[in-house]
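Read top to bottom, the protein sequences are chains A and B.
The numbers in my numbering rise by one with no breaks, and the one at position 109 of the first sequence is 248.
The numbers in my numbering rise by one with no breaks, and the one at position 144 of the second sequence is 212.
For glycine and all other residues, C-beta sits at the position ideal for the given N, C-alpha and C.
Please read these numbers as outputs of a predicted model, since none were measured by experiment.
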Amino acid sequence: MRNEIELEAIIEDYLKGKLTADEQQAFEQLRANDPIVDHRVVAHKVFLESMQQYADILLLKEQMDAVHKTIDVDSLSDDLKPHPSKIVRMWRNNKSAIAVAASFLVLAMVMLYSIQSQTKKDGSFEALSREVNKISRSQNDLIRNIKSNNTPKSSATPAKFGGSGFAISSNGYILTNYHVIKGADSLYVQNNKGASFKVKAAYTDPVNDIAVLKISDLSFENLGSLPYSIKMTTAGIGEAVYTLGYPKDDVVLGDGYVSSKTGINGDTLAYQVAIPVNPGNSGGPLIDNNGNIVGVINGKQDKVDGAAFAVKSKYIMEALNAIPQDSLNRRVAFGKKSSLKGLKRDKQVAKIQDYVFMIKVYN
Amino acid sequence: MSIKLSSSVPTDREVVLGILNNSEEALNKLYVAYFPMVLQFILNNNGDDDDAKDVYQEAIIVLYNKIKSGSFELNSKLKTYIYAVSRRIWLKKLTQHSKKTNNITDFEDVLVVDDDVEQHEQKDMQFDKMKVALEGLGEPCKTIIEDFYIHSLSMQDICEKFGYTNTDNAKTQKYKCLQRLKKIFFQS
């Protein structure tokens, strides 16, 4: 027993390298000679190594446990545990993927937007140039109309309408567009009852597209006092307006509103009016709900819906002032209260239509 | 500067050198730095915080042993390595308890660390074997052996602690305990 304990102690010291050189040599001698001792040395070596590993890991665990206690696991768990909401969970799990997807989306949208705005720019450019063309075209349209209306003049039925006009005095002064009567050899006006009267051009203003005609026919009777007046101030956007004109043989009412204070390409002479008009409406009066004339229809923009144009009433007054005042008998009032004010639309039209004429042009 | 460093996540180099030099501080910092990551993984994959603690500590032991054995090369981030090891260990545990392991929710890139985890499992078995053997030893043998081999107490200290009249008695007692322990350890 005693020897066994001594032997065990020596083996352990040997394995731990605690023996002196002499002792070690002596022990190795013993180990070489005695297989039982050798076996015990090997076994103890394995055991010691296992014990060393065990010790290492145990100490490591102890240390980690100590650190673990310093961590607030509960609050961390609350933060990190699967969120009850599926969406939040998905967000947490796929943060990076979602971020990539989102940035891709944003990029795509920015690209789309820039492409779109680029093409839009091109588009507006085209539109602009189209509009430029259109000015002349819309003007041409009306002229062509006049011309086409005039070409059959050489045929059997010479009477063709060219536009509309309205009385500005009771003794037969009619206001219309210059482009309606431009290049005409002879002019006639026809009222809504079908009676025609010969007229002469009394005043033309090509810049403002205004012409004043004077009925020279002897059969013409005085019109009586005019129901409407001319508006001195400019009309505001959104103001309800209507027009009477002769796009066909009977008088036609068109209803709409002032949509812009400028005409085509920002033309300050004219309004833009959202109102259905057709060739033949040119020269027709543009009247607000109080029976005041705010302008004269003179054209429209083709390929654009509801964009018609009207010369502002201001230029009507300029035309009127250009005519010798004594020749105007009971001329249209400026800025006065119209006798139509407060009347319903149909009553207004019934009164006005006698003063709106079809202009017939021959050349 | 040093204060700032100590409060934040330690650099990988810092940790490896620290462990090689038996620095407690380096290990503590490492432990605190990456525990939330593993906790999050376990909590989101059918585990609780105790599971997270066990798995994380095992993963740290794997890393520790690998660094100590000198076979550790920094070709990935420590964070990634710890995550991969924890993940592997947890998947194994899930399969052992025949819970479903498909549809695992991941939070980091996954490295292949099967070899390291397998090596660790063998060592872990040795650990458990020794643990069982020590448990089977009973008192006072267990404490004497632990004091001597683990806490590196001298025979003199043990003699005083257990009230033996002289060190020879203590040595005899320790010898008897050791023989029994060896018997249990090698036979199991």
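Does residue i come out as helix, strand or coil in the three-state DSSP assignment?
{"i": "Arg155/B", "result": "helix"}
{"i": "Ala334/A", "result": "coil"}
{"i": "Leu198/A", "result": "helix"}
{"i": "Met497/A", "result": "strand"}
{"i": "Val416/A", "result": "coil"}
{"i": "Thr382/A", "result": "strand"}
{"i": "Gln411/A", "result": "strand"}
{"i": "Pro424/A", "result": "strand"}
{"i": "Thr233/B", "result": "coil"}
{"i": "Leu352/A", "result": "strand"}
{"i": "Ser91/B", "result": "coil"}
{"i": "Arg470/A", "result": "strand"}
{"i": "Ala323/A", "result": "coil"}
{"i": "Gln329/A", "result": "strand"}
{"i": "Ile432/A", "result": "strand"}
{"i": "Asn460/A", "result": "helix"}
{"i": "Ser268/A", "result": "Below a pLDDT of 50, predicted positions are generally treated as unreliable, and Ser268/A, at 34, falls in that range; no measurement from the model is reported."}
{"i": "Phe140/B", "result": "coil"}
{"i": "Ser189/A", "result": "helix"}
{"i": "Leu146/B", "result": "helix"}
{"i": "Tyr454/A", "result": "helix"}
{"i": "Phe359/A", "result": "coil"}
{"i": "Ala171/A", "result": "helix"}
Run the CB neighbour count on residue i, radius 10 Å, all protein chains shown included, and call it buried at 16 or more, exposed below.
{"i": "Leu281/A", "result": "Bear in mind that the predicted position of Leu281/A carries a pLDDT of just 49, short of 50, making it unreliable; the figure below should be weighed with that in mind. By the neighbour-count rule (16 or more Cβ atoms within 10 Å), Leu281/A is buried."}
{"i": "Val245/A", "result": "exposed"}
{"i": "Ile254/A", "result": "exposed"}
{"i": "Trp158/B", "result": "buried"}
{"i": "Arg156/B", "result": "buried"}
{"i": "Ala165/A", "result": "exposed"}
{"i": "Asn133/B", "result": "buried"}
{"i": "Asp116/B", "result": "exposed"}
{"i": "Leu146/B", "result": "buried"}
{"i": "Lys121/B", "result": "buried"}
{"i": "His219/B", "result": "exposed"}
{"i": "Met198/B", "result": "buried"}
{"i": "Lys242/B", "result": "buried"}
{"i": "Lys439/A", "result": "buried"}
{"i": "His165/B", "result": "exposed"}
{"i": "Ser137/B", "result": "exposed"}
{"i": "Val123/B", "result": "buried"}
{"i": "Gln108/B", "result": "buried"}
{"i": "Phe103/B", "result": "buried"}
{"i": "Leu260/B", "result": "The structure shown does not extend to residue 260/B, since chain B is modelled only from 69 through 256, so no value can be given for it."}
{"i": "Glu125/B", "result": "The sequence shown places Gln at residue 125/B, rather than the Glu named in the question. When all chains shown are included, Gln125/B counts as buried."}
For residue i and residue j, which I take to be in contact (beta-carbon distance under 8 Å), what is that distance rounded to the nearest angstrom?
{"i": "Val412/A", "j": "Val397/A", "result": "6 Å"}
{"i": "Leu383/A", "j": "Pro424/A", "result": "7 Å"}
{"i": "Leu479/A", "j": "Asn437/A", "result": "With a Cβ gap of about 23 Å, Leu479/A and Asn437/A do not count as contacting."}
{"i": "Tyr151/B", "j": "Met105/B", "result": "6 Å"}
{"i": "Ser303/A", "j": "Ile498/A", "result": "6 Å"}
{"i": "Pro386/A", "j": "Asn420/A", "result": "5 Å"}
{"i": "Lys339/A", "j": "Ser355/A", "result": "5 Å"}
{"i": "Lys375/A", "j": "Val500/A", "result": "Inspection of the sequence shows that residue 375/A is occupied by Gly rather than by Lys. Not confirmed; about 34 Å, so no contact."}
{"i": "Gly311/A", "j": "Lys337/A", "result": "Between Lys337/A and Gly311/A the Cβ distance is about 11 Å, and since that is not below 8 Å, they are no contact."}
{"i": "Leu111/B", "j": "Ser216/A", "result": "6 Å"}
With distance defined between alpha-carbon atoms, name the residue in the options nearest to residue i.
{"i": "Ile462/A", "options": "Ser308/A, Gln487/A, Ala182/A and Gly423/A", "result": "Ser308/A"}
{"i": "Gly402/A", "options": "Thr209/A, Tyr385/A, Met371/A and Val450/A", "result": "Val450/A"}
{"i": "His178/A", "options": "Gly156/A, Lys157/A and Glu147/A", "result": "Glu147/A"}
{"i": "Val471/A", "options": "Ala182/A, Ile369/A and Val435/A", "result": "Ile369/A"}
{"i": "Gln194/B", "options": "Asp324/A, Leu187/A and Tyr342/A", "result": "Leu187/A"}
{"i": "Leu467/A", "options": "Ala306/A, Val249/A, Ser452/A and Asp211/A", "result": "Ala306/A"}
{"i": "His188/B", "options": "Val153/B, Phe175/B, Asn89/B and Leu98/B", "result": "Val153/B"}
{"i": "Lys86/A", "options": "Asp356/A, Tyr385/A and Ser452/A", "result": "Chain A is shown only over 140 to 502; residue 86/A falls outside these bounds and no answer can be derived."}
{"i": "Pro78/B", "options": "Asp183/B, Tyr99/B and Gly204/B", "result": "Tyr99/B"}
{"i": "Tyr381/A", "options": "Gly434/A, Gln257/A and Ile349/A", "result": "Gly434/A"}
{"i": "Ala541/A", "options": "Gln168/A, Gln464/A, Asp394/A and Lys490/A", "result": "Absent from the structure is residue 541/A, since the part of chain A shown begins at 140 and ends at 502."}
{"i": "Lys335/A", "options": "Phe496/A, Ile150/A and Ala182/A", "result": "With the sequence shown as reference, residue 335/A is identified as Ser, and Lys is not the correct amino acid for it. Measuring from the Cα of Ser335/A, the nearest candidate turns out to be Phe496/A."}
{"i": "Tyr153/A", "options": "Lys490/A, Glu143/A and His183/A", "result": "His183/A"}
{"i": "Ala236/A", "options": "Ala127/B, Glu176/B and Asn237/B", "result": "Glu176/B"}
{"i": "Lys490/A", "options": "Tyr327/A, Gly422/A, Leu392/A and Asp211/A", "result": "Leu392/A"}
{"i": "Met456/A", "options": "Leu314/A, Ser189/A, Met203/A and Lys353/A", "result": "Leu314/A"}
{"i": "Lys321/A", "options": "Asp195/A, Val239/A and Asp348/A", "result": "Asp348/A"}
{"i": "Val206/A", "options": "Ile135/B, Ala101/B and Glu228/B", "result": "Ala101/B"}
{"i": "Ala341/A", "options": "Leu459/A, Ser358/A and Leu362/A", "result": "Leu459/A"}
{"i": "Ile212/B", "options": "Lys191/B, Lys97/B and Leu246/B", "result": "Leu246/B"}
{"i": "Val130/B", "options": "Gln190/B, Asp184/B and Glu207/B", "result": "Asp184/B"}
Legend entry - Complete alpha helix (DSSP H) runs within the stretch 164-207 of chain B (minimum length 4 residues, chain order): 182-205
Inset, instruction - Run through the stretch 75-136 of chain B for me and flag every whole alpha helix (DSSP H) of 4 or more residues, listed as ranges in chain order. - result: 80-88, 92-111 and 117-136
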